[in-house]
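J.: Handing you a structure now.
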Amino acid sequence: MKTRITELLGIKYPIIQGAMAWVSLPPLVAAVSNAGGLGILGASFMRPDELRENIRNIKELTKNPFAVNFMPENPELEQLLDVIIEEDVPVASYGKGNPRRIIERTLSHGIINLPTMGAVKHALKAEQDGAHAVIVQGTEGGGHTGYISSSILVPMVAKSVKIPVVAAGGFGDGRGLLAALALGAEGISMGSRFIATKECPIPHLVKEWIVNASEKDTVVTDNLTGIRCRVLKNEFSQRLIEMKERNVSPWEMMQHARGRFKKAFLEGDLKEGSIACGQVAGIIDDIPSCKELIERIVKDAEDMIIPMKEKVLAS
Ligand SMILES: Cc1cc2nc3c(=O)[nH]c(=O)nc-3n(C[C@H](O)[C@H](O)[C@H](O)COP(=O)(O)O)c2cc1C
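Its first residue numbered 27, the sequence shown is counted upward by one per residue in the working numbering.
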């Protein structure tokens, strides 16, 4: 399956594994890239030396393109960019924030800029700044998320920008891929769906928790300095909501929330960890390998094209 995204990134299928701090580590990134998608290293909290080690680890596991995700506001941004450039990372992934230094430093090295945005105006700005393509995440998505659903946001962005758009937030199967293409995207990026895969290096019980969760089991916590985060409901998320209702200060909430992603995804604490996950949990019901998952999604999407055409013509 070819789109402008597969051509731009040099990958076989228009499927990207969304960056996930503490989760999208070398085994998952490499498995996705080896299967013909694009794996993204979740490096938001990595120091420069850790980043280099992780990149080298990925390079030992795959020869295919992959990306590194980091925060534009990271105080060590210059050193992180040094590592990314020195290690010849093909694709840079980042979120909202000032991308000036990233663009200035990466474009001349031929690094593809693939930021993730949650609003039309931010996608337009990313295009003006020099991004090669943009991932657009709707509110269904796991982790930090906006207000507008993918079915509205993706076509709005696709109509507004000329660069290729990748749809994120709520995608997990062949129907989703086909729908994303119909909405004007040229690929999908999935976070939550890739957590429940064999190669994802997190405790098995967290994957099972996601498989058993329904579409109604997530909640958006306006925690951590006001950043909205979609997580699975548990004791910790419930407590955060109660703290907010009691008007506990953002600072105190931030202290309370510190280290909770790690608690969930490294320690497997399902009660007290923050299990970032999207509403797509409702359609996740197995733990395949990344290769099985990606090939199934592409095949199901392709198999549905002709029946869909017939359905439309029959009416
Ligand atoms: C556990 C988890 C951690 C995440 N961490 C990051 C991150 O560090 N940086 C980032 O840009 N996005 C992060 N995201 C968002 C994903 O990259 C992706 O855009 C999102 O999961 C897409 O929605 P979906 O969960 O419905 O597939 C995270 C999402 C999850 C579920």
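Where a beta carbon is used, it is the ideal one built from N, C-alpha and C, also for glycine.
1) Three or more C-beta pairs closer than 8 Å, one from the region 82-90 and one from the region 131-139: is that the case here?
2) Can you give me the C-alpha to C-alpha distance between GLU104 and GLY285, rounded to a whole angstrom?
3) CA-CA distance, LEU261 and LEU292?
4) Under 6 Å: does the beta carbon of SER70 sit that close to some heavy atom of ligand 1?
5) Between PRO74 and the rest of its own chain, which residues show a CB-CB distance below 8 Å, the 5 nearest in sequence each way excluded?
6) Would you check if there are 3 or more beta carbon pairs closer than 8 Å linking the region 141-149 to the region 162-171?
7) Quick check on DSSP: helix, strand or coil for ARG286?
8) Just confirm the distance between the C-beta atoms of GLY63 and ILE37, as a whole number of angstroms; I'd bet it's less than 8 Å.
9) When the Cα atoms are used, what is the spatial distance from ASP199 to ALA327?
10) For THR251, which residues in the same chain have their Cβ closer than 7 Å to its Cβ, ignoring the five residues on either side in sequence?
11) Since ALA194 and ILE310 are thought to touch, with beta carbons under 8 Å apart, how far apart are those beta carbons, to the nearest angstrom?
12) When DSSP builds the beta bridges, which residues end up paired with GLN43?
13) Using 6 Å as the cut-off, classify the Cβ of ALA239 as near or not near the heavy atoms of ligand 1, replying yes or no.
T.: So, to answer that:
1) no
2) 25 Å
3) Note that residue 261 is Glu in the sequence shown here, rather than Leu. Taking the straight line joining both Cα atoms gives about 18 Å.
4) yes
5) GLU102, GLN105, LEU106, ASP108 and VAL109
6) yes
7) helix
8) 6 Å
9) 8 Å
10) Residue confidence for THR251 is low, a pLDDT of 46 falling below 50, so the modelled location carries little weight; the figure read from the coordinates is stated next. Hits under 7 Å: PRO276 and MET280.
11) The Cβ separation is near 15 Å, so there is no contact.
12) For GLN43, which the question treats as bridged, DSSP gives the partners MET216.
13) no
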